[in-house]
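Residue numbers (full-length UniProt numbering), protein chains in the order written: chain V, 1 to 328; chain C, 1 to 328; chain B, 1 to 328; chain Y, 1 to 328.
All C-beta atoms in this analysis are idealised placements derived from N, C-alpha and C, irrespective of residue type, glycine included.
A short worksheet on the structure shown next.
Number of protein chains: 4
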Amino acid sequence: MNTKIKRIAVLTSGGDAPGMNAAIRAVVRSCSYHNLECVGVFRGLQGLIEADFKEMGPRSVKNIINRGGTILKSARSKEFMTKAGRQEAYDNLKEAKIDALVVIGGDGTFTGASVFNEEFDFPIVGIPGTIDNDINGTDYTIGYDTALNTVVEAIDKIRDTANSHNRLFLVEVMGRDAGDIALNAGIGAGAEEILIPEQNLGRDRLIASLKRSKKSGKSSSIVVVAEGDQIGKNIFGLAEYIQQNMDEYEVKVTVLGHIQRGGSPSCYDRVLASRLGVGAVDALLEGKRDVMIGISHSKIVTVPFTEAIKGDNEIDLDLIRVADITSV
Amino acid sequence: MNTKIKRIAVLTSGGDAPGMNAAIRAVVRSCSYHNLECVGVFRGLQGLIEADFKEMGPRSVKNIINRGGTILKSARSKEFMTKAGRQEAYDNLKEAKIDALVVIGGDGTFTGASVFNEEFDFPIVGIPGTIDNDINGTDYTIGYDTALNTVVEAIDKIRDTANSHNRLFLVEVMGRDAGDIALNAGIGAGAEEILIPEQNLGRDRLIASLKRSKKSGKSSSIVVVAEGDQIGKNIFGLAEYIQQNMDEYEVKVTVLGHIQRGGSPSCYDRVLASRLGVGAVDALLEGKRDVMIGISHSKIVTVPFTEAIKGDNEIDLDLIRVADITSV
Amino acid sequence: MNTKIKRIAVLTSGGDAPGMNAAIRAVVRSCSYHNLECVGVFRGLQGLIEADFKEMGPRSVKNIINRGGTILKSARSKEFMTKAGRQEAYDNLKEAKIDALVVIGGDGTFTGASVFNEEFDFPIVGIPGTIDNDINGTDYTIGYDTALNTVVEAIDKIRDTANSHNRLFLVEVMGRDAGDIALNAGIGAGAEEILIPEQNLGRDRLIASLKRSKKSGKSSSIVVVAEGDQIGKNIFGLAEYIQQNMDEYEVKVTVLGHIQRGGSPSCYDRVLASRLGVGAVDALLEGKRDVMIGISHSKIVTVPFTEAIKGDNEIDLDLIRVADITSV
Amino acid sequence: MNTKIKRIAVLTSGGDAPGMNAAIRAVVRSCSYHNLECVGVFRGLQGLIEADFKEMGPRSVKNIINRGGTILKSARSKEFMTKAGRQEAYDNLKEAKIDALVVIGGDGTFTGASVFNEEFDFPIVGIPGTIDNDINGTDYTIGYDTALNTVVEAIDKIRDTANSHNRLFLVEVMGRDAGDIALNAGIGAGAEEILIPEQNLGRDRLIASLKRSKKSGKSSSIVVVAEGDQIGKNIFGLAEYIQQNMDEYEVKVTVLGHIQRGGSPSCYDRVLASRLGVGAVDALLEGKRDVMIGISHSKIVTVPFTEAIKGDNEIDLDLIRVADITSV
């Protein structure tokens with residue numbers, strides 16, 4: 001056990017994700033359990049530079065496990081990308097007698113943390129908090145499961161109206177580089193077609209397939225489109241193209257947008273966040289640093305930051321086949 | 001009691017609304033209760049022209065009270081706007097030995113029904129089913145209460161992320177002519193500002209007000225915008241204008257779109273739809289026709305179609321004051 | 001305008017109800033709007049006796065409109081039922097320079113408030129906050145609409161499993177004296193039978209009716225039972241009796257219990273609570289006292305406490321007929 | 001590929017679970033994809049004996065992926081536990097020219113299937129559908145994730161009222177032999193204590209712990225109790241015992257009951273069910289039989305029935321530690 005660590009700071013950074021509060025709560029209470037002091041940092045890495053700190057105890061995090069967003073707030077920090085900014089952050093941490101840092105966020109956050117760790121030899125561990133599930137070395141990121149449920153519930157509502165009117169809906173979901181949300185939510189919502197960045201089958205194949213499924217007796221269609229998909233990037237243009245080439249349906253577009261980031265976290269995300277929060281403090285006490293705490297095969301693992309941010313997202317081909325078969 | 005009526009048809013027309021299925025169920029079961037035959041017409045007024053009919057009994061409508069959309073489907077019908085189309089519809093009704101008709105829909109539907117009633121002296125009563133709550137003579141339309149809950153739940157999610165990032169969100173909700181959804185959901189969601197078609201206070205007053213509330217200590221802001229609002233019609237342009245004149249927030253846009261039409265109906269909408277469905281059959285049996293069944297002060301009322309579709313929506317000034325005060 | 005009132009206290013008392021926080025928020029912000037000071041009293045009338053006070057400003061009530069329960073907490077107070085207790089309360093109010101009081105609660109709260117008002121000539125207005133909807137002079141109480149949705153959503157889930165297994169479920173809902181929740185949620189959930197305190201049709205009529213509906217082709221049945229119903233009071237005994245006399249179904253019991261009190265308030269309850277909160281401060285400033293603020297025909301009204309707590313709940317016979325017809 | 005299989009039957013058996021419909025849909029559409037015929041069997045194994053069959057095509061399963069329960073209904077079958085009953089079932093399958101069977105259910109179903117498979121050399125594969133997650137060889141069973149979310153949402157509501165009144169709630173959740181639901185939902189809901197069948201720490205330790213957490217500043221407490229827990233089996237007796245030994249709280253009991261079985265399935269359960277349904281047909285075509293299709297480390301696996309039903313549920317000690325730490 002690393003007996004030098006007596007005071008730990010925690011922050012959330014990057015895009016917020018449901019379950020971040022559960023992770024903060026677990027870090028704070030784990031500190032208390034181990035008789036460590038805990039400091040909350042507001043507005044992510046920028047809060048380090050501005051010394052926006054607050055002492056936290058077990059009761060500071062009561063009744064937050066069920067709330068979306070992050071009570072520590074989040075922000076992007078341009079200053080932290082400069083050496084001077086990071087020096088300021090380091091000085092503030094030293095002045096506040098903070099011995100180690102837990103950062104909750106995505107790949108941008110981990111990149112900054114890794115640089116900082118190296119420059120100042122300051123112990124940092126990370127917790128993957130992002131709805132995009134685009135981090136290497138962990139099966140799930142905090143917020144991903146909740147976002148999938150949010151998307152599926154929204155599409156269930158859209159299908160009500162699609163069915164009533166024999167319409168085709170293009171539904172844009174988050175995912176600039178990764179099709180995970182689109183693919184899983186698409187299967188879950190019973191979408192006829194799913195467009196993801198990792199695949200480009202072309203607009204005409206899409207239309208041919210939609211015509212086929214219409215002919216087979218479907219009375220409405222949902223096409224789920226990841227925002228980063230090649231042919232779906234301009235979703236309104238795609239809708240127009242489909243409408244011009246297909247009069248079987250009235251074509252409509254819905255962009256789900258930021259509702260995907262919020263909401264009360266699912267049980268899975270709350271448990272995951274609790275485990276990762278506890279695991280982060282454990283790891284620091286075991287002398288680990290420059291690593292992310294992840295989950296793999298239902299077990300807590302540690303993954304070097306450099307590994308975690310590699311970001312070569314691979315799509316599960318088995319899922320694509322399941323999507324094809326179940327939309328028959 | 002009108003003993004000539006032995007066989008009633010029911011249809012849904014115009015935009016679908018949650019609770020339409022509960023209304024269909026009530027009409028069908030009410031027919032059964034009164035020992036009348038009941039016929040479902042698919043795809044609204046167009047289904048009359050195409051004789052798209054189906055016999056319905058109490059068990060045909062089981063397990064639908066909780067489902068959004070309409071099992072009878074809906075459609076707009078250009079043919080019904082022609083004399084020839086309406087003649088076709090009449091002939092089909094006669095051939096199917098249908099004595100009276102219940103139409104569930106909005107003002108467009110009632111206008112068509114009223115013309116038809118007059119032309120062919122055919123008994124029709126209407127049930128107001130539209131999320132817009134823009135029908136005269138009834139305190140509520142079916143689907144409105146559910147849509148309000150859907151909007152408020154969506155904005156709750158958006159506020160999670162808005163709070164975490166100190167952002168300003170413009171959220172577009174339905175309402176081309178009527179600000180009811182925007183005003184009520186705006187109050188319910190705790191919006192800082194609400195833009196409705198019935199008022200135009202200008203972009204600069206909006207910005208001044210947002211700056212004031214930011215200064216008073218708010219860390220995020222939600223502005224709810226009815227799609228028909230003058231300055232909010234081009235919501236992306238408005239966002240740009242605000243961003244240019246206000247660097248206190250990062251400005252984002254969310255267009256809620258068709259999720260507002262779907263979803264499992266609220267208890268209120270299910271009870272309302274059940275009452276109106278029962279009331280519609282009662283009215284026909286009492287010899288009424290050319291009227292809408294509405295609710296006023298928690299009592300079932302009948303309102304002439306001509307009255308119902310007047311459509312001079314008046315905004316509740318008391319609510320505007322409540323919105324102003326509670327967003328202090 | 002009553003210019004003597006400069007400082008208003010607000011409290012929640014009795015059973016909590018979703019929307020109480022929205023009412024607190026509206027009272028606090030309305031005070032701010034009128035340049036009045038506002039004081040929160042914790043734990044209801046007991047908090048008056050213990051001088052458990054806290055200054056409140058517009059930012060103290062941010063982000064609570066969407067939360068169930070009450071941030072001011074609630075409690076029952078035996079001490080307030082004694083003259084000595086009330087004297088203590090009065091002395092504390094005077095010492096804290098509080099000029100008037102807004103109490104949010106049910107009939108017990110209003111009774112106490114009315115006595116206090118008379119004894120000490122202290123201005124009090126009430127806001128009806130209770131899921132039971134059992135207050136005279138207001139069409140709705142805060143929390144009732146949310147509770148109906150909670151009950152209906154729970155029964156929707158129970159029906160999934162009832163349908164899958166051909167079962168009969170007895171579902172107990174709140175309502176010791178009033179059948180409003182049972183009757184409305186029963187219609188909304190499509191219950192086959194609804195047992196309410198205001199009616200006693202006997203166990204054998206119930207069984208006869210259930211047998212009839214089973215024969216008509218129903219594959220499962222839901223019976224909604226208000227906790228105060230005569231034959232349903234001992235719900236497990238009733239279940240046994242039905243099972244002994246009816247082998248068509250497997251009979252199961254679910255007692256919904258306290259989940260009915262919680263949850264994020266519906267849009268209706270949030271808007272209602274906002275209006276009543278604003279109305280309460282308005283009334284005090286107009287010199288009113290010893291009254292409840294209610295809603296009647298969508299307009300804000302004031303009702304003497306003595307009127308509000310009369311409590312001769314009348315059941316809507318029209319609704320009973322609708323329940324009978326739609327469960328055919 | 002097993003070219004002898006041309007016609008597959010599918011059934012659901014035992015307690016229903018959300019996601020069963022998604023599994024049925026996947027089996028039916030997978031048959032269509034592979035040009036096989038598909039037959040639905042109603043009411044589980046009993047339906048085999050009564051030859052309660054129905055031809056199914058891709059359109060028979062439309063719009064069911066989002067619905068709880070099972071469209072094929074479920075039942076327990078005493079007859080299937082006799083040799084004569086199984087012979088009847090076999091004869092019916094042969095007469096209907098069914099070549100293989102997919103059963104969706106829990107350990108009871110798999111036991112019956114395994115016996116049948118052996119007796120008649122009839123190809124059967126199983127899909128784990130039960131909210132209890134008590135099947136060996138699969139990380140998740142269909143319905144478990146949804147049940148966790150249902151429990152957590154219910155406890156969120158209860159906490160609203162617990163917090164408002166400084167109460168202690170005992171909440172009983174499903175789990176006769178397995179504490180998985182209690183443990184995960186307990187962590188997710190932020191319960192102070194979790195009582196599971198696998199552990200018995202005694203009533204007095206529980207009370208000591210609750211007193212400690214009350215002293216540390218908690219204003220309310222939730223204790224989650226699995227129905228099979230030793231000291232929680234008589235939950236009303238336990239409540240009384242706690243109340244007698246602890247006057248810091250008012251003690252209340254809620255039994256969640258059958259709402260845990262229903263509801264629209266979560267995205268996870270829909271995707272899992274879709275994958276397992278596709279996997280079941282794949283397995284039959286590959287000549288597999290007498291196996292369950294499961295998921296392990298996000299990959300589809302096959303597990304012999306005998307292995308799947310071993311049922312020596314082991315509790316995750318890591319989770320117990322997380323529960324202890326995060327409830328500090």
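Helix, strand or coil at residue i according to DSSP, with G and I counted as helix
i: G287(C); result: coil
i: L256(C); result: coil
i: L238(V); result: helix
i: K62(V); result: coil
i: A9(C); result: strand
i: T70(V); result: coil
i: I300(V); result: strand
i: S274(V); result: helix
i: K54(Y); result: strand
i: I98(Y); result: coil
i: G137(Y); result: coil
Proximal chain C residues relative to residue i, where beta-carbon distance stays under 7 Å
i: N163(V); result: G69
Interface partners of residue i on chain B, CB under 8 Å
i: K73(Y); result: N163, S164, H165, N166 and S219
Where residue i meets chain V, residues with beta-carbon distance less than 7 Å
i: K252(C); result: H258
7 Å Cβ cutoff, residue i in contact with chain D
i: G175(B); result: Structure shown: chain D not included; protein chains present are V, C, B and Y.
N- and C-terminal bounds of the beta strand (DSSP E) containing residue i
i: R167(C); result: R167 to V173
i: G126(Y); result: I124 to P128
i: P198(B); result: At residue 198(B) the sequence reads Glu, which differs from the Pro that was named. Neither: E198(B) is in no beta strand (DSSP E) and is coded neither H nor E.
i: A226(V); result: S221 to A226
Segment limits, alpha helix (DSSP H) that includes residue i
i: G186(V); result: D180 to G188
i: G108(C); result: D107 to F120
i: L36(B); result: Neither: L36(B) is in no alpha helix (DSSP H) and is coded neither H nor E.
i: residue 367(V); result: The structure shown does not extend to residue 367(V), since chain V spans only 1 to 328, so no value can be given for it.
i: S209(V); result: R203 to K215
i: D16(Y); result: Per DSSP, D16(Y) belongs to no alpha helix (DSSP H) and is neither H nor E.
i: T326(B); result: L317 to T326
i: G47(B); result: G44 to I49
Neighbouring residues, chain Y, relative to residue i (Cβ below 9 Å)
i: I158(B); result: G257, H258, I259, R261 and G262
Under 8 Å from the C-beta of residue i: neighbouring residues of chain C
i: D16(V); result: D160, T161, S164 and H165
Per-residue contacts from residue i into chain V (C-beta, under 8 Å)
i: F169(C); result: H258
9 Å Cβ cut-off: residues of chain B touching residue i
i: Y268(C); result: D145, L148, N149, N184, G188, S266 and Y268
- Taking only beta carbons into account, state which residues of the stretch 24 to 47 of chain V come closer than 7 Å to chain Y, listed in chain order. Residues passing the 7 Å Cβ filter: R25, A26, R29, S30, S32 and Y33.
- Stretch pair the stretch 172 to 183 of chain Y + the stretch 240 to 260 of chain Y: three plus CB contacts closer than 8 Å: Yes, since at least three Cβ pairs between the stretch 172 to 183 of chain Y and the stretch 240 to 260 of chain Y fall closer than 8 Å, the two stretches touch.
- What residues from the stretch 185 to 212 of chain B come within 8 Å of chain C, judged by C-beta to C-beta, listed N to C? Per Cβ criterion, the list reads A185, I187, G188, A189 and G190.
- Message: Measuring CB atoms only, is the stretch 213 to 229 of chain B touching the stretch 223 to 230 of chain Y, in the sense that at least three cross pairs come out at less than 8 Å?
- Response: As far as the Cβ criterion goes, the stretch 213 to 229 of chain B does not touch the stretch 223 to 230 of chain Y, which means the pair count is below three.
- Task: Could you list the residues in the stretch 133 to 155 of chain Y with a C-beta less than 8 Å from some C-beta on chain B, going in chain order?
- Result: For chain B, the residues of the stretch 133 to 155 of chain Y that bring a beta carbon within less than 8 Å of one of its beta carbons are T150 and A154, in chain order.
- Check whether the stretch 104 to 111 of chain Y touches the stretch 11 to 28 of chain Y, counting contact only when three or more Cβ pairs, one atom from each stretch, lie closer than 8 Å. They touch, by the three-pair rule.
- Would you call the stretch 260 to 280 of chain Y and the stretch 314 to 328 of chain V touching, i.e. three or more CB-CB distances under 8 Å? Yes, the stretch 260 to 280 of chain Y is in contact with the stretch 314 to 328 of chain V.
- Message: Count Cβ pairs between the stretch 50 to 59 of chain B and the stretch 32 to 39 of chain B that sit closer than 8 Å; are there 3 or more?
- Response: Touching, yes, given that three or more Cβ pairs across the two stretches are closer than 8 Å.
- Task: Below 9 Å between beta carbons is the criterion; list the residues of the stretch 49 to 65 of chain Y that meet it against any residue of chain B, in chain order.
- Result: Answer in chain order: no residues at all.
- Task: Kindly confirm or deny that the stretch 285 to 295 of chain Y and the stretch 122 to 139 of chain Y touch, where touching means at least three C-beta pairs closer than 8 Å.
- Result: Because the criterion of three Cβ pairs below 8 Å is met, the stretch 285 to 295 of chain Y and the stretch 122 to 139 of chain Y touch.
- Could you tell me whether the stretch 89 to 101 of chain C touches the stretch 137 to 155 of chain C, where touching means 3 or more Cβ pairs closer than 8 Å? Result no; under three Cβ-Cβ pairs closer than 8 Å.
- Message: Is it the case that the stretch 245 to 253 of chain Y contacts the stretch 62 to 72 of chain Y, given that we only count it when at least three CB pairs across the two stretches are under 8 Å?
- Response: Taking 8 Å as the limit for Cβ pairs, the verdict is that the stretch 245 to 253 of chain Y does not touch the stretch 62 to 72 of chain Y.
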